[in-house]
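Asker: Going by our numbering, the first residue of the sequence shown is number 82, and it counts up by one from there.
No residue lacks a Cβ here, since even glycine has one placed at the ideal position from N, Cα and C.
Dropping a structure here in structure tokens format, bear with me for questions.
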Amino acid sequence: NPETDPNLHLHIPAILYWVAAAFATEGMDAIMEQTWYYFPMGSHSARYASICALWYEHTGNEYYKDQAERFFNFAVDQCRDDGYVRVGPDLPEAWWTDGYSDYIRHFMEGLAAIPEWVPADTNRLLRSTSVVQNVSYSSSEIRYRIFDMSSSDVLRLTQKPDKIHVNEHVLSSSDTLDENTWTWTPAKQGGVLRIRQALGNKITIEMPSS
């Protein structure tokens, strides 16, 4: 809620620096749960990484992107090939929230904040400020319904869309993400679509015919 803190560009980096100083693990890019429980954990490392990714998205500061990548790499390493997620390198057991609940959410937040990390071979809805009630993908269009009548959404797409409908309205493309517009940021493959709208809860993205 940036409107409640006029000094957020001072406070948020200060909090992140404090977390790294107080809970970082010597010799590895990992975060401990507590200062007295001296064990690096995948979930807490992913949480720190996700906040760094979100702050990079907000500021464009490459330091936080690097931090996010480093700490996400540690968190990924706690997941075995069979899907079993250990708490950390010194704690081989699994904890539900630390391996299968908030652990997964941190990665989802980080990938939505840095969409270039998402594979470009498939269309994907990465984030919405509303609850997504359903989503369907086809070669010609992407459809999804949200709970609210407004949202800000991020998608990783294989190609730039032709047209975007919200209920019966057609959104305009723009260079800046203003109300009831969409923007396209090209990547080496495909790109990133961002939508901001307050016109309805049914979004249809028409894709170019192949």
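(1) Is the beta carbon of Ser231 less than 8 Å from the beta carbon of Ser209?
(2) Report the CB separation of Leu238 from Gly281 in whole angstroms; it is logged as a contact under 8 Å.
(3) Closest to Asp110 by CA distance: which of Asn204, Leu274, Phe155 is it?
(4) Exposed or buried, what is Ile96 when buried is set at 16 or more other beta-carbons lying within 10 Å of its beta-carbon?
(5) To the nearest angstrom, report how far apart Ile227 and Trp117 are at their CA atoms.
(6) Using the C-alpha atoms, what's the distance from Ala193 back to Glu150?
(7) Just list the residues that DSSP pairs Thr264 with in beta bridges.
(8) Return the chain-ordered list of same chain residues with a C-beta closer than 8 Å to the C-beta of Thr140, the five sequence neighbours on each side being excluded.
(9) Quick one: Cα of Leu236 to Cα of Tyr144, how far?
(10) Arg186 lies in the alpha helix (DSSP H); which residues open and close that run?
(11) Which whole-angstrom value describes the C-beta separation of Ile112 and Phe120, a residue pair presumed to lie in contact below a C-beta threshold of 8 Å?
(12) Does DSSP classify Arg205 as helix, strand or coil?
Answerer: Result, derived from the coordinates:
(1) no
(2) Not a contact, Cβ separation roughly 21 Å.
(3) Phe155
(4) exposed
(5) When rounded, the separation of the alpha-carbon atoms in Ile227 and Trp117 is 43 Å.
(6) 13 Å
(7) Arg275
(8) His90
(9) 24 Å
(10) 183-194
(11) The C-beta distance from Ile112 to Phe120 rounds to 10 Å, too long to fall under 8 Å, and the pair is not in contact.
(12) strand
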